Every structure is written in structure tokens, then in C-alpha cells.
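Keeping their order, the protein sequence lines are chains A and B.
Reading the first sequence from the start, the letters are residues 0 to 236 in numbering that gives the first Met the number 0.
Reading the second sequence from the start, the letters are residues 0 to 236 in numbering that gives the first Met the number 0.
Even glycine gets a Cβ: it sits at the ideal position worked out from N, Cα and C.
Please read all numbers here as calculations on a predicted model, not as lab measurements.
Protein chains: 2
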Amino acid sequence: MSDIRVLVVEDEPIASAAHAAYVQRLDGFSLAGTAPDGQSALRLLAEFSAAGNPVELVLLDMNLPDLHGLDIARRMRSSGLFADIIAITAVRELNIVRSAVAIGVVQYLIKPFTYATFAEKLTNYRLFREQLASSDDGKNKTGASQSDVDQAFASLRTPSELQLPKGLSVSTLDAVKDFLRKEDAAVSASEVMDELGMSRVTARRYLEYLADAGSVSRAPRYGAPGRPENEYRWTRA
Amino acid sequence: MSDIRVLVVEDEPIASAAHAAYVQRLDGFSLAGTAPDGQSALRLLAEFSAAGNPVELVLLDMNLPDLHGLDIARRMRSSGLFADIIAITAVRELNIVRSAVAIGVVQYLIKPFTYATFAEKLTNYRLFREQLASSDDGKNKTGASQSDVDQAFASLRTPSELQLPKGLSVSTLDAVKDFLRKEDAAVSASEVMDELGMSRVTARRYLEYLADAGSVSRAPRYGAPGRPENEYRWTRA
DNA sequence: ACCGTTGCGTTCATATTGGTCATGAAAGGT
DNA sequence: ACCTTTCATGACCAATATGAACGCAACGGT
């Protein structure tokens, strides 16, 4: 799959350069350009679109000298530019989140943010696109089902793998992830317990977390007597 | 908090009435009206908006006689109508999901769906609104943080578990439902057993549940020796 | 018409696992 | 050194698919 073309819209030069660098540093994305204000952003978007090389994602700062981010989004939609938008905003103006969602903002970044947070949001977006593409173009001629769409939307949601929930540790999580990646087939909690020497409760907790985060898929294993055993399979590239 | 005003846009009278009934049955929502095509939908939205009583959520069918759902959404945005949209579509046109997201579709429902699915999506939307309102208006003068926004987005996009009778599991039910939707012809319990690898008893239990819930029809299949076999067919619109 | 045959519907006990709680050990801060 | 916080564990109860056993309804040959 080719890279997702990104336009960075940000008036402050230092922040703009930082965002641009972030994009180039991230796999699966390529920088289409940068714009310091709303007018030039709209012009650039229109030019790329006319050249048959449209921008697919806009990192849009809400505070710009000439236009507010919401206005830019509105004008984009009015003129038939349907690039997805990740909004970047300062802490105070949270009351515009709802309007932003209605215009098609897919993610929301609050300044100041770290590279890790940035990478998480963009990666979620990429996973969303990939899941949609695979359930659509794939061999599944019968069409995708509600659960497929739900799962795609779920990967757009943040699996805060940066900030682990209480009770989980990084090293244990890495061990479980490594084991899952190594195994091609689906594994059960008991198998993880045996292989890694941890308790079943612990193994299950980490597997469950990974399932919620979207990194692994979870399905019951039928055929044997007893309560069905969940089996987990690594899905994330 | 007052109810969320909903407009139902759907050309088929039976489906329209069903969706309207669903809305009225659901806590926290009230029906603002119904529209059978795109033109009247846009007119109604404009009228409500002018009367200072705007619609906040639109249940928008994608297949309408005059305009495609995406066009309606686009015109809404162009004319300054920023109601949120839950898209309703048939299985085939999944390729428009991405465009839909860009115009601000917050949820996606695939026909045919059950009331439970419908209620889940709308409830998620309501939770999203409430979380946003509480973290904004609340005492938290320092403003909301990234995690607040993340949490709100999460409740919009996380499939919430709906209540099932004891003895049934969500994933198994999903598997059976997906299989039934994929098969156009009526299927027997034995066929479900073979295809999904579960036992005959289990398959039958889930099929019976779906039949009781009204999602599938049940009829005996004659012609072969032995006790007649029930066959199940997906019917829910 | 009758009756054996056939295969599914139905019920129940059983086998395992999922989930939760409180406990214990280790790590980190004061 | 003491207290607080964090994470893994063991033991418990609840949940859920399975298999076997029995009953039932239509078919088909006599």
C-alpha cells in the first residue's frame, strides 16, 4: 500500500517544522507539503487535487492567522475536498470538538503533544484505512458485515498503548507480544501460561488488553467439551 | 440533559416507520420528523434550524430516490447545517465508508440490523456527547486534556456489549449472525454446525434465540426421512 | 393403515475455562 | 527503615459449549 499523503497546516514555523518532521519519520506516511495559513492551505489542496495527486490527510491547526480551522474544514467540504482531517488545538477550545466531529475530523490532538502521541493517532488512522480496504477489496465477495465496520472504527479509537492501564507492566506485555508474534497460529491463554511461565490470570489479562487495543483478534475455540476457550491471534502489522 | 432531536431520512415507508419507532423507544432521544427523500430532508433541516429548534442527529439512508446520501451530507455542510449523521447503508456499498467519515458521519449501520444494534450505536453517540459536555462545562477550569478527548472518542467508537440471556456469548452470536446474513438461502442447524465447527446443540440454541428475537424466520423442512428439520432464514429489515 | 426406520429436537449433567477478589511480594518514594 | 504503590498470584464462583440419552415427527415399505 502506498503512503498516505499529508499536508501540515500550522502558522508557527517551529511547530510546523516539527510536525513535518514527525510525518516524515513515520512509516506509511509521506509529506505532501506545509501551509502557514488557511488560504494557502486551501489553495495547495485544490492544486494537488487538480493535479490528480490529492492530499489524503490534513493536520490542521485550529488557530490560524486568517481563518479558524473549522472554517477551513467547512470550505474544504463545500469545494469538494474530502481529505480526512486530524485537528490540532490548544487546551482551551475544547467546546469546538463537537462541531469538529460533524465536519469529519477523525482525530484530535491537543497541544503540546509528544511524538509518541502523534504517532499513535496517525497510526490508528492508518490502521483504520487498512482495515476498511481489506474488508472491501478482499476476497470476501459477500461484503463486509457490521462487525467489520465496527472493528475498523474501533481502531480509530485510541488504544492508549502508551499509557498502560494500572496493573500491567511493560516488560510482561513485551514478553506476551513477542510470543504472539512468534506463533503463527492462534494461541490460548493456557498456552501462553505454559510457555511463559506466568499464571493464567496474568496471561489472560494481557491478552485481553491486547484484544481491546486491537493488536490481536479474539475468537472462541469450539469442538471441545467445557467452556469455550478464547484463542488469540496476532493481527497488527 | 434534554433529548437529542433526531430526523429519520428513509424512502421505504416500512423501514422509515421502523426507524422512527426505534428512536421513540430509546431513552434520551426524541423524533423531530421523517423525510422520504433528500430534498425534503434538506428542507426540513433548514426549517427546524431557522425556527431555532435544530435537529442534532440525522439517521441518513444512503440510497434515496433523488440524491445519494453523500450528496445530502455535502449539501448540509455547504449550507451550514452541522447536525451529526449516522449513516445507514446496504451491505454492498462499503467503499463509501471512507468518504462518509470525511463528511462527518459518526456511526455506520449496515442493513439489515436489529434493534439491539441500532440502540447500541445511538447510545454510544449519546455517551460521547455527555462525556464531552461534562469535561467542558464542568469545574475543570484547567481545560480538558488529551485523555479526556480520547475517552470521548472511545465511547463513540467502542462497541458496547449488549445484554444477552444467560448461556449465550456475544462472539458466538456474531458468528452465527454473520453466517446467516452471508447465506441467502435458509440454513439448518446442522449446516451451521458444520460450517462454524460448533456442536449441533449450540448452533440450535443460537438459532432459536434469533428466531425468538425476530431476526430470523423458522420453518420446518420436509421431504427427507427422519424428523423434520427446522430451517432458518435472515429476515430482519 | 400400520409400523419400523430415521434423523432431528430437547434435556441434563459435565468439563473446562472466564472473571473477580483479596492476598503477598516487590519496587519506589519519603 | 517505614509507608505507599504496583503487579502477579491463588482460590473462589460463575459462565458456556459439549456429549449422551431420550423423545418425537415424518417417511416408506408392507
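Quiz prompt | Closer than 9 angstroms to chain A by CB, L44 (chain B) | solution = no
Self-check item: At least three beta-carbon pairs within less than 8 angstroms, the region 102-114 of chain A to the region 115-131 of chain B
Solution: no
Quiz item: Do the CB positions of V96 (chain B) and V148 (chain A) come within less than 9 angstroms of each other?
Solution: yes
Self-check item: Any chain B beta carbon closer than 9 angstroms to R232 (chain A)
Solution: no
Exercise. Check whether the Cβ atoms of E46 (chain B) and R4 (chain B) lie closer than 9 angstroms to each other.
Key: no
Quiz prompt | N139 (chain B) to Q150 (chain B) span [Cα, whole Å] | solution = At N139 (chain B), the pLDDT of 48 sits below 50, so the modelled position is not reliable; the number obtained from the coordinates is stated separately. Going by the C-alpha atoms only, they are around 16 angstroms apart.
Quiz item: Within 9 angstroms (strictly less), CB to CB, does V215 (chain B) reach chain A?
Solution: no
Exercise. Pair every Cβ in the region 62-75 of chain A with every Cβ in the region 5-17 of chain A, then say whether three or more of these pairs are closer than 8 angstroms.
Key: yes
Quiz prompt | Contact under 9 angstroms by Cβ, L108 (chain B) with A82 (chain B) | solution = no
Quiz item: Around the C-beta of T171 (chain B), are 16 or more other C-beta atoms found within 10 angstroms, so that it is buried, or is it exposed?
Solution: buried
Practice problem: Give the interface partners of D83 (chain B) over in chain A, defined as CB-CB distance under 9 angstroms, in chain order. | Solution: R97, V100, A101
Practice problem: Please classify A14 (chain B): does DSSP put it in a helix, a strand, or coil? | Solution: helix
Quiz item: Over what stretch of residues does the beta strand (DSSP E) that includes A50 (chain B) continue unbroken?
Solution: Segment: none, A50 (chain B) is in no beta strand (DSSP E) and carries neither H nor E.
Quiz prompt | Contacting residues, own chain, Cβ-Cβ under 7 angstroms from G137 (chain B) (five flanking each side not counted) | solution = Because G137 (chain B) carries a pLDDT of 47, less than 50, the predicted location of this residue cannot be relied on, and the following value inherits that uncertainty. Same-chain partners within the cutoff: there are none.
Quiz prompt | Contacting positions in the region 21-36 of chain A - beta carbon closer than 7 angstroms to chain B | solution = none
Exercise. Would you tell me roughly how many angstroms separate the C-alpha atoms of R217 (chain A) and E207 (chain B), rounded to the nearest one?
Key: 25 angstroms
Exercise. With a threshold of 16 other CB atoms inside 10 Å of the CB of G222 (chain B), please say whether the residue is buried or exposed.
Key: exposed
Self-check item: Where D177 (chain B) falls: helix, strand or coil (DSSP)
Solution: helix
Quiz item: According to DSSP, is S78 (chain A) helix, strand or coil?
Solution: coil
Self-check item: 6 angstroms Cβ shell around R180 (chain B) - same chain, five flanking residues per side excluded
Solution: W233
Quiz item: Applying a beta-carbon distance threshold of less than 8 angstroms, which residues of chain A neighbour M61 (chain B)?
Solution: Chain A residues near M61 (chain B): none, gap ~13 angstroms exceeds 8 angstroms.
Practice problem: Could you say which of B:N229, B:R24, B:G225, B:S15 lies nearest to A115 (chain B) if we only look at CA atoms? | Solution: B:R24
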